[in-house]
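Everything below concerns the one structure shown next.
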Amino acid sequence: MMTWSRPPVRIVGLLGWLVLAVFTSSAHASHAWGNYHWARTANPFTLKLGDNVSSAWDVYLTGASADWSASSVLNTTIVAGGTAVRRCRPTSGRVEVCNYTYGNNGWLGLAQIWASGSHITQGVAKMNDTYFNTQPYNTPAWRRLVVCQEIAHTFGLRHQDENFSNGNLGTCMDYTSDPDGPPSNEHPNAHDFEQLEITYAHPDSTTTISAPANSKAPPAMTDIDFTTRAQWGKLVSSRHNGKVEVYELDFGRGHKVFTFVIWAE
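Mapping of the sequence shown onto this note's numbering: position 44 corresponds to residue 224, and the numbering continues sequentially without gaps.
What follows is the structure, encoded as structure tokens:
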């Protein structure tokens, strides 16, 4: 097991609405982001992942896409990126995946979802090379864990465990000080796929997959820059002695963006 001391960085993930419930580290605890999900009319559905990552990240994006496509309800496919990496703006109906030197802002990885009602309409996942270019994060294990986890947040999943000191659960949805393990926390596990089956058990009458831009959503929802804490909106929840926080930007008429923050030990 690695013995380094964790630097004071924040790992950031973006969520839909967080149900305020007691969370345990049990592998059998629910880890859905409330009832937020992509609208679709049948399973399995295919979600596009826009490739805006560098060659150094391509193998990790490809691996995460293959991992999550093992789900019985969800497939992912990698397509050409549709955004500039510095801002990593969303594209309606899909997820844009980016890496960039976003600066010493405290977050290692960031995921964002935009929601209309209970439906996810677009998402982004970002990896901050300011930290990944330095130890201890410049390793294949850390890259696999973070890209796997941030993409999963855009499906509507949250973490199975948020305590860095607990033993690994064998899933990228588990925070850890040692992603190599054993067991490895670099890939999904069976409970992640079970949660996806629960989240996507019932089809919708409409779809937000590959949907055209929602003209009813205010333009500010895509124009705003979410890379710093000042732009995450109001704090609506704080748990685990402030290590887990939820921020909300409410644009009215059911249009919201939520930011879920884990403060590292």
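Ideal placement from N, C-alpha and C gives every residue a C-beta, glycine not left out. From a predicted model like this one, the values you see are computed outputs, not experimental measurements.
- Burial is judged here by how many other beta carbons sit within 10 angstroms of a residue's own beta carbon; R433 has fewer than 16 and is exposed.
- With respect to D360, A321 sits close: the two C-beta atoms are nearer than 8 angstroms.
- The bridge partners DSSP lists for H435 are S296.
- When the five nearest sequence neighbours on each side are left out, the beta carbons in the same chain lying within less than 8 angstroms of the beta carbon of N318 are those of F312, in order along the chain.
- With respect to H211, Q411 sits apart: the two C-beta atoms are not nearer than 8 angstroms.
- F312 carries a helical assignment under DSSP once its states are collapsed to helix, strand and coil.
- Distance between N343 and L349, taken at the CA atoms: about 11 angstroms.
- Take the alpha-carbon of Q302 and the one of D238: they are about 21 angstroms apart.
- Less than 8 angstroms separates the beta-carbon of S296 from that of H435.
- Rounded to the nearest angstrom, the Cβ distance from A305 to T334 is 6 angstroms, consistent with a contact under 8 angstroms.
- Note on S418: under 16 other CB atoms within 10 angstroms of its CB, so exposed under the neighbour-count rule.
- Sorting P368, F438, S251, I404 by C-alpha distance to the C-alpha of R266 places I404 at the top.
- The three-state reading of DSSP puts T379 in helix, counting H, G and I together.
- The C-beta distance from W218 to I389 rounds to 6 angstroms, short enough to fall under 8 angstroms.
- Spanning the alpha carbons of D358 and H367 requires a straight line of approximately 14 angstroms.
- Counting along the chain, no alpha helix (DSSP H) covers V265, and no H or E run does either.
- Counting C-beta pairs closer than 8 angstroms gives three or more between the stretch 223 to 231 and the stretch 245 to 260, which meets the contact rule.
- Here T314 is not near N284, since their CB atoms are 8 angstroms or more apart.
- Rounded to whole angstroms, the separation of the alpha carbons of R323 and N308 is 10 angstroms.
- In the DSSP assignment, G214 falls outside any beta strand (DSSP E) and carries neither an H nor an E.
- Per DSSP, D238 lies in no beta strand (DSSP E); the unbroken alpha helix (DSSP H) holding it starts and ends at 235 to 248.
- Here L325 is not near N279, since their CB atoms are 8 angstroms or more apart.
- For Q340, the secondary structure class from DSSP, reduced to helix, strand or coil, is coil.
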